[in-house]
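Asker: Numbering (this note's numbering), first residue to last: 1 to 349. The following block contains the structure, expressed as structure tokens.
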Ligand SMILES: NC(=O)c1ccc[n+]([C@@H]2O[C@H](COP(=O)([O-])OP(=O)(O)OC[C@H]3O[C@@H](n4cnc5c(N)ncnc54)[C@H](O)[C@@H]3O)[C@@H](O)[C@H]2O)c1
């Protein structure tokens, strides 16, 4: 078991290891004063781990209720959020009580936003159960729900009081979601650590899972500690996302899933930057091999013009310039601001 302390506006521990859920009650009781809480989870995850968490909390005298919603991104909505607010109110949850997110990134983002806004803010704990949530979304305090105009458009920064990443929960995660999380893990290697990249590129990542998760979280910690509110450095976490979002949008969010779209986005951007002389080292071939051994795609059947068009509406566009994240070498990312015209040439020529 490993503990990483995130020193943000509110400091908290991220514990990573096998079997953490068994003692979750003890760890949570160490950071929360009130013994009243609501577990928020989806209908895939709660039947697998809900009772175990509830028992552990009750063993240290918590009064526990649960709010379970249908799994999937479509539940990261105002409708679910309003239902959750209503449930919290019906249970007389006060400002000193808490909520616990048990699940993937959808559960974490939804619960975190409810915690940021209900009664103007209550405590919450993250218990991420998907790879993506363990290495990325549960740490850093970005919370949100989707609205019809776009994903994550309504949200808040709200750091959790504790993150418990029990690696045993990944044993039940369907392969396709595991692969999605690997897309983000490759991203961490590309933007920050060639050592992590090599670990992932070596294949057999399931033999090194805890090591990889710890390394990813530690990178996220460093980025968040430097730029908690996403004004500068934190943008490098968007490597591969501008084209990735464009792919998801072009396919009406019914094609490649997020992590896989990001994988393609990272590769296309790296190859384009090489072709245009922005990168002088040949790293796209190494990236491609790394994606392949981790069951991730690197190409998509969408015309470059369309990819460009659907990416400039992205929220990273400011006036006539766009900030593009480019890795000139493996393990280091730069935020490159360029005129939209240059960006168009980069993507389409
Ligand atoms: N807040 C952030 O910083 C941040 C960062 C990246 C992504 N996100 C958000 O994260 C979300 C995606 O996260 P996700 O991929 O975890 O999605 P998710 O929460 O929908 O989980 C994926 C699927 O796996 C299931 N699942 C989760 N854990 C399981 C387990 N242990 N066993 C069996 N099934 C399990 C879920 O029920 C769901 O069907 C998106 O909404 C995205 O916007 C947020």
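Ideal placement from N, C-alpha and C gives every residue a C-beta, glycine not left out.
DSSP beta-bridge partners for residue 36?
Answerer: Residue 36 pairs with 63.
Asker: Looking only at C-alpha atoms, which of 6, 143 and 211 sits nearest to residue 116?
Answerer: That would be 143, whose Cα lies nearest to the Cα of residue 116.
Asker: Would you tell me roughly how many angstroms separate the C-alpha atoms of residue 316 and residue 270, rounded to the nearest one?
Answerer: Summary for residue 316: the model assigns pLDDT 47, below 50, so the residue's position carries little reliability; its value from the coordinates is reported in the next sentence. Those two C-alpha atoms are separated by around 18 Å.
Asker: CB of residue 107 to nearest heavy atom of ligand 1: below 7 Å?
Answerer: Under cutoff, so the answer is yes.
Asker: In three-state terms, what does DSSP make of residue 194?
Answerer: Three-state result, residue 194: helix.
Asker: Any heavy atom of ligand 1 closer than 7 Å to the beta-carbon of residue 140?
Answerer: Answer for residue 140: yes, Cβ within range of ligand 1.
Asker: Specify, as a first and last residue, the run of the alpha helix (DSSP H) that residue 266 falls within.
Answerer: Looking at the DSSP string, the run of the alpha helix (DSSP H) that includes residue 266 is 258-275.
Asker: Would you identify the three-state DSSP class for residue 69, choosing helix, strand or coil?
Answerer: It is a strand residue.
Asker: Could you tell me whether any non-hydrogen atom of ligand 1 is closer than 7 Å to the CB of residue 77?
Answerer: Residue 77: no, Cβ never under 7 Å from ligand 1.
Asker: Rounded to whole angstroms, what's the CA-CA distance from residue 314 to residue 52? Just pull it up for me.
Answerer: Low per-residue confidence applies at residue 314: pLDDT is 49, beneath 50, and the placement is therefore not dependable enough to give any value.
Asker: Quick check: what's the CA-CA separation for residue 333 versus residue 266?
Answerer: If you take the alpha carbons of residue 333 and residue 266, they lie about 11 Å apart.
Asker: Apart from the five residues just before and just after residue 339, which ones in its own chain have a Cβ nearer than 7 Å to its Cβ?
Answerer: Cβ neighbours of residue 339 beyond the five flanking positions: 320 and 321.
Asker: Quick one: give me the first and last residue of the alpha helix (DSSP H) that residue 85 is part of.
Answerer: That run of the alpha helix (DSSP H) goes 78-90.
Asker: Three or more C-beta pairs under 8 Å: does that hold for the stretch 53-69 against the stretch 22-29?
Answerer: Touching, yes, given that three or more Cβ pairs across the two stretches are closer than 8 Å.
Asker: Taking only heavy atoms of ligand 1 into account, decide whether any of them is closer than 7 Å to the Cβ of residue 378.
Answerer: Because the chain spans 1 through 349 in this model, residue 378 falls outside it and cannot be assessed.
Asker: Out of 231, 67, 181 and 295, which has the shortest C-alpha to C-alpha gap to residue 43?
Answerer: Minimum Cα distance to residue 43 is reached at 67.
Asker: Just checking, does the stretch 210-225 make contact with the stretch 189-201 on the three C-beta pairs under 8 Å criterion?
Answerer: Short answer: they touch.
Asker: Roughly how many angstroms separate the alpha carbons of residue 240 and residue 65, rounded to a whole number?
Answerer: The straight-line gap from Cα to Cα measures roughly 39 Å.
Asker: Does the beta-carbon of residue 70, which I'm using as the reference point, lie nearer than 7 Å to any heavy atom of ligand 1?
Answerer: No, Cβ of residue 70 sits at least 7 Å from all heavy atoms of ligand 1.
Asker: For residue 294 and residue 205, which I take to be in contact (beta-carbon distance under 8 Å), what is that distance rounded to the nearest angstrom?
Answerer: Confirmed, about 7 Å.
Asker: Please tell me whether, using a cut-off of 7 Å, the distance from the CB of residue 130 to the nearest non-hydrogen atom of ligand 1 is below it.
Answerer: Result yes, Cβ under 7 Å from ligand 1.
Asker: Please confirm if the stretch 99-116 is in contact with the stretch 124-134, defined as three or more CB-CB distances below 8 Å between the two stretches.
Answerer: Output reads yes: the stretch 124-134 touches the stretch 99-116.
Asker: Round the Cβ separation of residue 29 and residue 159 to the nearest angstrom and send it over; I've been treating them as touching at under 8 Å.
Answerer: About 19 Å; that fails the 8 Å criterion.
Asker: Would you decide whether residue 289 is buried or exposed? Buried here means 16 or more other CB atoms lie within 10 Å of its CB.
Answerer: By the neighbour-count rule (16 or more Cβ atoms within 10 Å), residue 289 is not buried but exposed.
Asker: With a CB to CB cut of under 6 Å and the five nearest residues on each side skipped, what residues in its chain are close to residue 15?
Answerer: Taken in chain order, the residues that qualify are 3 and 164.
Asker: Less than 8 Å between the CB atoms is what I'm expecting for residue 176 and residue 250, so what's the real figure, rounded?
Answerer: Residue 176 to residue 250, Cβ: 20 Å. No contact.
Asker: Count Cβ pairs between the stretch 123-130 and the stretch 169-184 that sit closer than 8 Å; are there 3 or more?
Answerer: The stretch 123-130 vs the stretch 169-184: in contact.
Asker: May I have the straight-line CA-CA distance separating residue 32 from residue 253, to the nearest angstrom?
Answerer: Taking the straight line from one Cα to the other gives about 38 Å.
Asker: Which same chain residues, not among the five before or five after residue 50, have their C-beta less than 7 Å away from its C-beta?
Answerer: Result list for residue 50: 39, 41, 66 and 102, in chain order.
Asker: Tell me, which residues are paired with residue 235 by DSSP?
Answerer: Note: residue 235 sits in no beta bridge, so no partner.
Asker: Three-state secondary structure (DSSP) at residue 332?
Answerer: Strand at residue 332.
Asker: Grab me the residues of residue 156's own chain with a C-beta within less than 7 Å of its C-beta, minus the 5 sequence neighbours each way, in chain order.
Answerer: Counting only Cβ-Cβ distances below 7 Å, and skipping sequence neighbours, we find 113, 116, 117 and 143.
Asker: State yes or no: is the C-beta of residue 175 nearer than 7 Å to some heavy atom of ligand 3?
Answerer: Ligands in the displayed structure: ligand 1; ligand 3 is not one of them.
Asker: Using 7 Å as the cut-off, classify the Cβ of residue 224 as near or not near the heavy atoms of ligand 1, replying yes or no.
Answerer: Flag unset: Cβ of residue 224 not near ligand 1.
Asker: Does the distance from the C-beta atom of residue 87 to that of residue 80 stay below 8 Å?
Answerer: Contact: no.
Asker: Roughly how far, in whole angstroms, is the beta-carbon of residue 98 from the beta-carbon of residue 37, given that I think they are within contact range, below 8 Å?
Answerer: Correct: roughly 5 Å between the Cβ atoms.
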